[in-house]
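Chains as they are written, first to last, in the working numbering: chain A, 1 to 126; chain B, 127 to 461. Here the structure is laid out as structure tokens; the discussion comes afterwards.
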Amino acid sequence: MNVPENLRYAESHEWILVEGDTGTVGITDHAQTELTDIVFAEPPPIGKKVAAGEVAAVVESVKAASDIYSPVGGEVIARNEAVEQNPALLNTDPFGEGWIFKIKITNPGEIESLKDPAAYRAQIGA
Amino acid sequence: MVDFAGWEMPVQYGGILGEHKAVREQVGVFDISHMGEFFVHGSGASEWLDALLTNRVERLADGEAQYSLMLNEAGGVIDDLIVYRLEQDSFLLVVNAAKIDEDAAWMRGRLGEGIVFEDRSADFAALAVQGPQAGTVFEKIFGRPMPSARNRVEKVEGGHVVTTGYTGEAGFEWIVPAVRAVDAWRRTLAAGAVPCGLGARDTLRLEMCYPLNGSDLGPERTPLEAGLGFFVDLEKADFVGRGALLAQKSAGLPSKLAALMVKEKAPPIRSHYPVWADGTVVGETSSGALSPSLGVGIAMAYLPTALAVPGREVEIEVRGRRFRACVQKKPLYQK
Numbered sequence: 001m002n003v004p005e006n007l008r009y010a011e012s013h014e015w016i017l018v019e020g021d022t023g024t025v026g027i028t029d030h031a032q033t034e035l036t037d038i039v040f041a042e043p044p045p046i047g048k049k050v051a052a053g054e055v056a057a058v059v060e061s062v063k064a065a066s067d068i069y070s071p072v073g074g075e076v077i078a079r080n081e082a083v084e085q086n087p088a089l090l091n092t093d094p095f096g097e098g099w100i101f102k103i104k105i106t107n108p109g110e111i112e113s114l115k116d117p118a119a120y121r122a123q124i125g126a
Numbered sequence: 127m128v129d130f131a132g133w134e135m136p137v138q139y140g141g142i143l144g145e146h147k148a149v150r151e152q153v154g155v156f157d158i159s160h161m162g163e164f165f166v167h168g169s170g171a172s173e174w175l176d177a178l179l180t181n182r183v184e185r186l187a188d189g190e191a192q193y194s195l196m197l198n199e200a201g202g203v204i205d206d207l208i209v210y211r212l213e214q215d216s217f218l219l220v221v222n223a224a225k226i227d228e229d230a231a232w233m234r235g236r237l238g239e240g241i242v243f244e245d246r247s248a249d250f251a252a253l254a255v256q257g258p259q260a261g262t263v264f265e266k267i268f269g270r271p272m273p274s275a276r277n278r279v280e281k282v283e284g285g286h287v288v289t290t291g292y293t294g295e296a297g298f299e300w301i302v303p304a305v306r307a308v309d310a311w312r313r314t315l316a317a318g319a320v321p322c323g324l325g326a327r328d329t330l331r332l333e334m335c336y337p338l339n340g341s342d343l344g345p346e347r348t349p350l351e352a353g354l355g356f357f358v359d360l361e362k363a364d365f366v367g368r369g370a371l372l373a374q375k376s377a378g379l380p381s382k383l384a385a386l387m388v389k390e391k392a393p394p395i396r397s398h399y400p401v402w403a404d405g406t407v408v409g410e411t412s413s414g415a416l417s418p419s420l421g422v423g424i425a426m427a428y429l430p431t432a433l434a435v436p437g438r439e440v441e442i443e444v445r446g447r448r449f450r451a452c453v454q455k456k457p458l459y460q461k
């Protein structure tokens, strides 16, 4: 199971790549494996304000809908329209082309409460 | 893995989309051991079943099968099932897993003179081999061609093979003693069948508009409302529920089970989503999915009869938003 070293992780299986005050958010390799074939993805609208742990997006597999939570609070500044057009990107490239949205981080302190790769690996037993 | 009527069953083995495609284009195998097997013997068995079920058992020749329904006195559906005539006075009934106990109690409570009823669900496993290449699997296992006719039952060592299914594809179901289940499963895989779970079974049957009891059928709905009148012989002298069906037919059906197709990009449709027409809620979906074959949302819903007409536009609500959909002719998927 791929758990990249340069990311932080939420217990609910989202990853965030932090660059300055901007975070790029997606779901982990483990999450896409568990969800299986993803057939629908709805990234949040630009300008949406979310708190840490709040629902920001929805993805659906053939069998179930799953909420995607924002790992940190902030304002959505970009949404990946490519996953809307081709939801399977979440399965094939969860840490790359399958990113879901970018957020302007309100409180950088919240990043410290997220898991590092080792802690997330321990959570999923990888 | 999920709990299904007390059975721990896989939703998928390798992915629902791939399994669905395998059945439509090649061949897949489903473990359907959860389904119930009843045996009915004795002189008068045919007449007894005809008094309990909607379709006409009397018409079956030895080795033939038919889809049928068992109703309550109000004409509501207890279960849908397949009746196989093994011999003149010997029948096999395959029923839904969740209804085994209820069906058996209902039938035992109405047992006729000289009728032997056995619930042997625990003794038998069953595999459904489905897809355009099912015949190849059959030949590899049994060393002879698969019967070309649908709805046939033949004895094989220790069990039965029947040319029925729940996918809309050619294929057969192999009912084997439970002790031989693992061997039978391995033989179908070795013969080229792709293992398929409950997820693909559901999307395949929904594309064909085959109803699922508990979702699309239930004690509050009659088979006439479900669009299953073809399997109800109202000409028969009597069967449980017949009076209620005749009354409903003359009064006019209050609702009909409509097939719906979504006409714009939308989240996958699931059961219990509200259906709107002309600004009001007129029903809810009983089943729904993103059709893997068609790439669009599909569903079934009981709608007021006047609305359940192919071409009628409705809307399906998903998480507070409404998406355009249209009533379609059944089945939703055609080769």
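No residue lacks a Cβ here, since even glycine has one placed at the ideal position from N, Cα and C.
Inset, instruction - Kindly say whether residue 325 of chain B, judged by its beta-carbon, lies nearer than 8 Å to any beta-carbon of chain A. - result: Yes, contact with chain A.
Legend entry - Closer than 8 Å to chain B by CB, residue 36 of chain A: Yes, contact with chain B.
Inset, instruction - Could you pull out every residue in the same chain whose Cβ sits closer than 8 Å to the Cβ of residue 259 of chain B, ignoring the five residues on either side in sequence? - result: Here the set comprises 152, 153, 318.
Inset, instruction - Could you confirm whether any beta carbon from chain B is found closer than 8 Å to the beta carbon of residue 63 of chain A? - result: It does; some Cβ of chain B falls within 8 Å.
Legend entry - For residue 183 of chain B, the residue or residues it bridges with in DSSP: Paired residue(s): none; residue 183 of chain B is not in a bridge.
Inset, instruction - State the start and end residues of the unbroken beta strand (DSSP E) segment that holds residue 286 of chain B. - result: First-last of the beta strand (DSSP E) with residue 286 of chain B: 285-288.
Inset, instruction - Please list, in chain order, all residues of the same chain as residue 134 of chain B whose beta carbon is under 6 Å from its beta carbon, the five residues on each side excluded. - result: Scanning its chain for C-beta atoms nearer than 6 Å, with the 5 sequence neighbours on each side dropped, one finds around residue 134 of chain B the residues 127, in chain order.
Inset, instruction - Using the Cα positions of residue 357 of chain B and residue 310 of chain B, report the straight-line distance between them to the nearest angstrom. - result: For residue 357 of chain B and residue 310 of chain B, the distance between alpha carbons rounds to 32 Å.
Inset, instruction - Pull up the DSSP beta-bridge partners for residue 194 of chain B, would you. - result: Paired residue(s): B:207.
Legend entry - residue 316 of chain B versus residue 146 of chain B: straight-line alpha-carbon distance, rounded: Distance between the alpha carbons of residue 316 of chain B and residue 146 of chain B is about 19 Å.
Legend entry - Inter-residue CB distance, residue 254 of chain B and residue 283 of chain B (contact presumed, cutoff 8 Å): So it is not a contact: roughly 19 Å between Cβ atoms.
Legend entry - Contact list for residue 242 of chain B against chain A, beta-carbon separation under 9 Å: Within chain A, no residue comes near residue 242 of chain B; the closest Cβ sits about 41 Å away, beyond 9 Å.
Inset, instruction - Report the residue from A:100, A:104, A:91 whose alpha carbon sits nearest the alpha carbon of residue 143 of chain B. - result: Residue A:91 is the option with its Cα nearest to residue 143 of chain B.
Legend entry - Same chain only: Cβ atoms within 6 Å of residue 105 of chain A, ignoring 5 sequence neighbours per side: Result list for residue 105 of chain A: 21, 23, 72, 74, in chain order.
Inset, instruction - Could you check how far apart the C-beta atoms of residue 410 of chain B and residue 427 of chain B are, in whole angstroms? I think they sit under 8 Å. - result: Confirmed, Cβ separation roughly 6 Å.
Inset, instruction - Would you list, in sequence order, the uninterrupted alpha helix (DSSP H) runs of no fewer than 4 residues that lie entirely inside the region 247-303 of chain B? - result: For the region 247-303 of chain B, the full-length alpha helix (DSSP H) segments reaching 4 residues or more read 260-268 along the chain.
Legend entry - 8 Å Cβ cutoff met for residue 176 of chain B and residue 375 of chain B: When the beta-carbon positions are compared, residue 176 of chain B and residue 375 of chain B stay at least 8 Å from each other.
Inset, instruction - Please confirm if the region 214-232 of chain B is in contact with the region 154-163 of chain B, defined as three or more CB-CB distances below 8 Å between the two stretches. - result: Inter-segment contact for the region 214-232 of chain B and the region 154-163 of chain B is present: three or more beta-carbon pairs are separated by less than 8 Å.
Inset, instruction - Please say whether residue 385 of chain B and residue 458 of chain B have beta carbons closer to each other than 8 Å? - result: Yes, these two residues count as a Cβ contact at 8 Å.
Inset, instruction - Jot down the residue ranges of each uninterrupted beta strand (DSSP E) in the region 10-51 of chain A, minimum 3 residues, whole runs only, in chain order. - result: Taking only runs of at least 3 residues, the beta strand (DSSP E) segments lying wholly in the region 10-51 of chain A are 14-19, 22-27, 38-42.
Legend entry - Inter-residue CB distance, residue 279 of chain B and residue 191 of chain B (contact presumed, cutoff 8 Å): Confirmed, Cβ separation roughly 6 Å.
Legend entry - Amino acids of chain B, ordered along the chain, whose beta-carbon sits closer than 7 Å to that of residue 39 of chain A: Correct list: 394, 416.
Inset, instruction - Please list, in chain order, all residues of the same chain as residue 184 of chain B whose beta carbon is under 7 Å from its beta carbon, the five residues on each side excluded. - result: Excluding residues within five positions, the ones whose Cβ falls inside 7 Å are 172, 176.
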